[in-house]
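J.:
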Amino acid sequence: MKKQKNRRRRKSLKTEMPREKRNMEVRKSTRNYKDIKHFSLTPEELERLKEAVDDRKKLIQVLRGKPWPMKKKLVTLRESQQFVEKYEGALGKGKGRKLYVYKVMMTKKWMKFQRDFENFRTACIPWEMKIKEIESHFGSSVASYFIFLRWMYGINMILFGLTFGLVMVPEALMGRPYGSIPRKTVPRAEEASAMDFAVLWDFGGYAQYSVLFYGYYNNQRAIGWLKFRMPLSYFLVGVGTVAYSYMVVIRTMARNANESGVGDDNSFNFSWKVFTSWDYLIGNPETADNKFASITTSFKEAILEEQESCKDDNIHLTRFLRVLANFLVLCCLAGSGYLIYFVVRRSQKFALDGLENHTWWERNEVNMVMSLLGMFCPMLFDVISALENYHPRVALQWQLGRIFALFLGNLYTFIIALMDEINLKREEENIVKFNITTWEASFYNGTVSENSTGLPFTVQPADVPRGPCWETMVGQEFVRLIISDTMTTYITLLIGDFLRAVFVRFLNHCWCWDLEAGFPSYSEFDVSGNVLGLIFNQGMIWMGAFYAPCLPALNVLRLHVSMYLQCWAVMCCNVPQERVFKASGSNNFYMAMLLVILFLSTLPAIYTIVTIPPSFDCGPFSGKKRMFDVIQETLESDFPAWFSKVFSYASNPGLDQTMSGAQCQKLTKNLAEQNDVFLASVHTAEPSAVQPLCIYEQNRGRKLRHEVTCTIIQFILQHFYTWKCI
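Numbering (UniProt numbering), first residue to last: 1 to 726.
#1: In this structure, does DSSP put residue 731 in helix, strand or coil?
#2: If you reduce the DSSP assignment to three classes, tell me which class I606 lands in.
#3: Between the alpha carbons of V344 and E388, how many angstroms are there, rounded?
#4: Is V62 near V84, with beta carbons less than 8 Å apart?
#5: In this structure, does DSSP put G223 in helix, strand or coil?
#6: Which residues mark the beginning and the end of the alpha helix (DSSP H) in which K66 is found?
#7: State the beta-bridge partners of E471 as determined by DSSP.
#8: Would you mind working out which of Q397, R229, F639, N410 sits nearest L481, comparing C-alpha positions?
#9: How about C567 and I295: do their beta carbons lie closer than 8 Å?
#10: Quick check: the Cα distance between A395 and S385, rounded to an integer number of angstroms?
#11: Rounded to whole angstroms, what's the CA-CA distance from K645 to Y607? Just pull it up for me.
#12: Just to confirm, are P231 and F621 a CB contact at a threshold of 8 Å?
#13: For residue 728, I'd like the list of residues in its chain whose CB is within less than 8 Å of its CB, leaving aside the five on either flank, ordered along the chain.
#14: To the nearest angstrom, report how far apart F381 and V464 are at their CA atoms.
#15: Find the nearest neighbour of Y590 within the set M253, T76, W513, judged by alpha-carbon distance.
#16: Does the structure place the region 622-639 close enough to the region 229-245 that three or more beta carbon pairs sit under 8 Å?
#17: Cα separation between Y522 and N367?
#18: Considering just the uninterrupted stretch of the alpha helix (DSSP H) at W626, what are its terminal residues?
#19: Considering only C-alpha positions, which residue in the set I60, Y87, L515 is nearest to L77?
#20: Do P468 and E429 have their C-beta atoms within less than 8 Å of each other?
#21: Which partner residues of V575 appear in the DSSP bridge assignment?
#22: Could you check if I340 is buried or exposed, using at least 16 other CB atoms within 10 Å of its CB as the buried criterion?
#23: Tell whether a beta-carbon distance below 8 Å holds between L594 and V249.
#24: Does the region 213-232 come close enough to the region 182-196 that 3 or more CB-CB pairs lie under 8 Å?
#25: My output table needs one value for F519: the three-state DSSP class, helix, strand or coil.
#26: So, under 8 Å CB-CB, A293 and S136 are touching, yes? Tell me the CB distance rounded to an integer number of Å.
#27: Report buried or exposed for D638, applying the criterion of at least 16 other Cβ atoms within 10 angstroms of its Cβ.
#28: Roughly how many whole angstroms lie between the Cα atoms of L406 and R466?
#29: So the alpha helix (DSSP H) F160 belongs to, where does it begin and stop?
#30: Between F299 and K273, what straight-line distance do the alpha-carbon atoms span, to the nearest angstrom?
#31: For a quick check, are the C-beta atoms of E471 and S615 less than 8 Å apart?
#32: Could you pull the start and end residues of the alpha helix (DSSP H) that M195 belongs to?
#33: Which residues in the same chain have their Cβ closer than 7 Å to the Cβ of V329, if we skip the five residues on either side of it in sequence?
#34: Which class does F546 belong to by DSSP, given the choice of helix, strand or coil?
#35: Report the residue from G539, K624, L635 whose alpha carbon sits nearest the alpha carbon of L603.
#36: Rounding to the nearest angstrom, what Cα-Cα distance links G165 and V556 in this structure?
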């Protein structure tokens with residue numbers, strides 16, 4: 001009877017007392033247990049002990065966010081851990097409690113595995129620690145460039161895998177060997193100089209007649225014992241790389257918009273930075289120095305943001321200076337455009353006279369002028385931007401826009417020059433066709449004596465006349481442009497950053513003025529110029545990869561070397577910017593420019609594929625009227641007749657445009673309905689409920705992106721079918 005009364009009393013205490021008091025009671029009652037193995041607890045006591053252990057575990061998880069002094073946090077953490085370790089094993093005593101012990105053990109092991117896997121995943125991210133170190137010393141704006149470079153490296157690795165695994169390797173292993181047919185043989189007139197360094201540096205000679213360029217590939221439908229469809233694979237890889245690039249860029253932009261769409265609470269910004277910035281788990285002195293530099297940089301960023309928000313300048317003077325700066329920028333753009341046009345016209349005259357009769361500079365004048373303009377014009381724009389007095393983030397976007405216009409004008413001027421060169425090559429191709437017909441007729445009309453015992457007359461592949469192959473010429477021009485731009489960038493880095501830093505460092509003590517504070521001083525890292533260089537190099541890769549499958553491999557090598565070289569240069573030769581800023585929206589701004597360049601780069605490639613007939617004696621599409629005829633040929637040869645009819649009906653321009661328009665309209669309508677729902681929730685909610693408004697703005701941005709994407713898709717479909725009809 002006495003035991004039953006005690007049980008009832010404990011049960012009533014359990015229902016009446018708050019959880020904190022019950023925890024205190026369990027703690028007091030368990031303090032007297034010297035060894036819990038010698039005691040048999042009642043089911044009620046075990047239940048209370050289990051609840052107490054669970055409460056201590058929850059307290060350990062949320063202890064970091066408690067508004068308690070650090071001493072109290074440490075004492076509570078130590079007591080809670082000891083309590084859990086001491087009494088958690090007691091819950092496994094008795095019948096039916098082994099499952100609980102097993103669950104607790106597996107939970108601990110799973111948490112440890114998650115922590116180890118997260119550390120392993122972080123360690124596997126390429127160059128993560130290098131970028132973190134740069135961010136701690138130079139701020140997030142400089143680190144955003146290296147994050148963008150790492151992202152571009154990953155994209156180019158995928159493109160390299162596609163072209164190398166599905167185009168270059170099958171042709172090298174299963175295709176006809178070198179010297180078997182004319183398109184895979186160096187002409188007899190070029191054999192003497194085919195291995196010269198100057199020829200190979202211009203990607204001529206043996207480099208031209210290799211798997212690096214379009215003209216080497218044979219037009220045989222199936223090659224090797226696998227019956228690999230080389231022309232079909234070449235065409236699908238070219239289309240697939242562009243489609244994959246579109247998908248990745250748009251998805252990355254959407255993910256960045258979703259992550260930055262919901263606003264955060266910026267109240268008490270400096271208090272949060274002062275009291276919560278330090279990481280107390282740091283045990284390495286070097287890591288502590290990096291963290292100290294990172295906190296200092298974040299304070300500079302926050303102070304600058306506050307100063308910019310409170311600035312009150314003379315608005316009329318500011319407007320005049322900004323108009324003057326834009327006028328100077330327009331003059332620079334017009335001058336660079338005229339210079340490129342003049343150089344292109346000179347190069348066409350040199351081509352008509354014969355490039356072998358001119359110097360190295362005259363042969364490479366276009367590439368060198370474009371590289372030099374890309375190197376010096378951003379510096380001039382940076383000097384002009386000092387007149388405008390913009391916020392650093394806004395100034396970076398203006399600088400990016402101006403360099404974007406410069407590079408875009410240079411690139412399209414280069415493309416116009418290539419189009420003129422293609423027309424000249426096609427005229428030369430018609431002449432070669434006539435000469436080949438005459439050359440072949442001379443063999444048929446020849447006479448041989450019946451009593452002749454000599455060897456039969458054979459023609460070596462090196463002696464066969466051949467056309468100019470305008471596709472290989474286009475690929476060579478893009479490869480030369482990439483190589484010259486890369487060399488210019490590295491030379492500028494070594495001279496403009498390294499030698500400048502050495503000069504300032506070792507001659508400062510014996511110079512007439514302070515070299516560090518005055519001219520020339522240490523250089524700052526040019527974020528805008530380097531970002532635009534990456535973007536436009538990638539645009540040239542997308543534009544020329546169809547005619548030079550080696551371009552993704554060259555770009556992977558270039559990005560790999562650039563990461564190490566620029567990380568070393570920025571840490572050893574550069575100083576942090578005087579006006580640092582937080583690059584909150586810069587990554588998506590980079591992606592927007594990359595998407596525009598992707599669209600503008602694919603237009604010339606699509607135009608040449610759809611409208612210009614391929615060369616008659618080189619490349620996988622020789623002998624066809626258009627390059628995309630390989631799709632129709634595959635459908636007719638490898639698929640049943642009904643499938644070809646279904647595909648022709650499905651590729652009807654009217655059906656495709658109708659379906660794409662209906663899908664885009666449906667997406668836009670759904671987003672508009674979501675906006676209306678969230679806007680209604682904003683009107684009915686309290687003034688402090690700002691979350692629906694953030695989601696409304698986010699969905700409005702999504703709607704705008706969907707409308708732009710739909711317009712681009714319909715534009716491509718319309719012009720594709722127009723070119724197809726032509």
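Using N, Cα and C, we set each Cβ at its ideal position, and we do this for glycine too. Keep in mind it's a predicted model, so treat the numbers as computed, not measured.
T.: Based on what the coordinates show:
#1: There is simply no residue 731 to check, as the chain begins at 1 and stops at 726 in what is shown.
#2: helix
#3: 34 Å
#4: no
#5: Checking the displayed sequence, the identity of residue 223 turns out to be Ile instead of Gly. Residue state, collapsed to three classes: strand.
#6: No alpha helix (DSSP H) holds K66; DSSP gives it neither H nor E.
#7: None; E471 has no bridge partner.
#8: N410
#9: no
#10: 7 Å
#11: 26 Å
#12: yes
#13: Limits of the chain in this structure are 1 at one end and 726 at the other, which puts residue 728 out of reach.
#14: 53 Å
#15: M253
#16: yes
#17: 30 Å
#18: The sequence shown places Arg at residue 626, rather than the Trp named in the question. Careful: R626 lies outside any alpha helix (DSSP H) and carries neither H nor E.
#19: I60
#20: yes
#21: E524
#22: buried
#23: yes
#24: yes
#25: coil
#26: 5 Å
#27: exposed
#28: 39 Å
#29: 140-163
#30: 8 Å
#31: yes
#32: Careful: M195 lies outside any alpha helix (DSSP H) and carries neither H nor E.
#33: F381, I384, R402
#34: coil
#35: G539
#36: 15 Å
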